[in-house]
Amino acid sequence: MKVSIHWTYKHPKGRQIELTSDFLPANEALFLVEDFEKTSRVKDIVFYDTSDQSWSKKELQQYVKGIETEPHDIVAFFDGGYDIDTRKAGLGVSIYFTQNNKQYRVRKNSSFDELESNNEAEYAAFWLLLQELENLGVHHIEVTFKGDSQVVLNQLSGDWPVYEDEFIRWIDRIEDKMKKLGIKPIYEPISRKLNKECDQLALQALNGIDIDSRIELQNG
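The opening position of the sequence shown corresponds to residue 1 in UniProt numbering, with each subsequent residue numbered one higher.
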């Protein structure tokens with residue numbers, strides 16, 4: 001979860017200045033506040049998450065401690081490839097997350113038959129991504145979803161209208177699953193270049209190469 005810090009700075013000359021930070025990961029925000037407090041010049045500290053919910057320092061500390069053993073700081077990527085001749089789709093997903101103060105990456109691909117378009121393949125890839133998040137035990141937390149499908153991400157966010165019946169069916173399934181898991185989505189479209197990992201996974205699925213891995217990432 002990311003939060004913004006709102007606090008009052010007590011100037012040495014007696015003035016008080018209201019300050020607000022950018023959105024930061026919750027643990028980083030707590031670290032900064034504890035450093036601020038050493039100066040004895042701050043007061044009235046409140047944190048706000050991206051849903052504009054307010055948190056006290058104690059509440060945020062309890063939240064951070066509570067999620068240490070569960071997957072958090074989750075960034076999830078997806079991509080779908082489509083062969084128009086065979087109507088076969090290749091799906092690729094990768095998930096980066098922190099758990100027990102360690103960082104991990106999960107990679108998974110799969111094939112899917114009888115789809116109608118590349119856009120539908122992208123929806124199927126997003127669905128695969130949600131299944132992997134569920135397998136990891138992800139629940140009631142913010143997740144950043146990244147992909148190069150403007151259609152999927154903008155339709156899921158509600159920024160673009162949806163007219164195709166097959167897309168509406170995928171969206172209903174996806175929204176029901178996210179509601180069940182308590183996932184708060186953040187949608188970030190990225191370029192195809194930045195989505196190479198999932199593009200490769202989707203291509204491997206089309207070529208019959210199965211990938212299902214989880215590794216711990218080494219810092220640096």
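Glycine is no exception: its CB is placed at the ideal position from the N, C-alpha and C atoms.
Counting C-beta pairs closer than 8 Å gives fewer than three between the region 36-52 and the region 91-105, which falls short of the contact rule. When DSSP reads this structure, residue 105 sits in a beta bridge with 96 and 215.
Taking C-alpha positions only, residue 215 is separated from residue 197 by approximately 15 Å. Taking the Cα positions, residue 148 is about 43 Å away from residue 43.
In this structure, DSSP gives residue 177 a helical state, which the three-state scheme calls helix. Under the DSSP assignment, residue 63 falls in the alpha helix (DSSP H) whose first and last residues are 57-67. One alpha carbon belongs to residue 177, the other to residue 28, and they sit about 30 Å apart. Per DSSP, residue 36 is one residue of the alpha helix (DSSP H) stretching across 26-37. Beta-bridge analysis with DSSP links residue 140 to no other residue.
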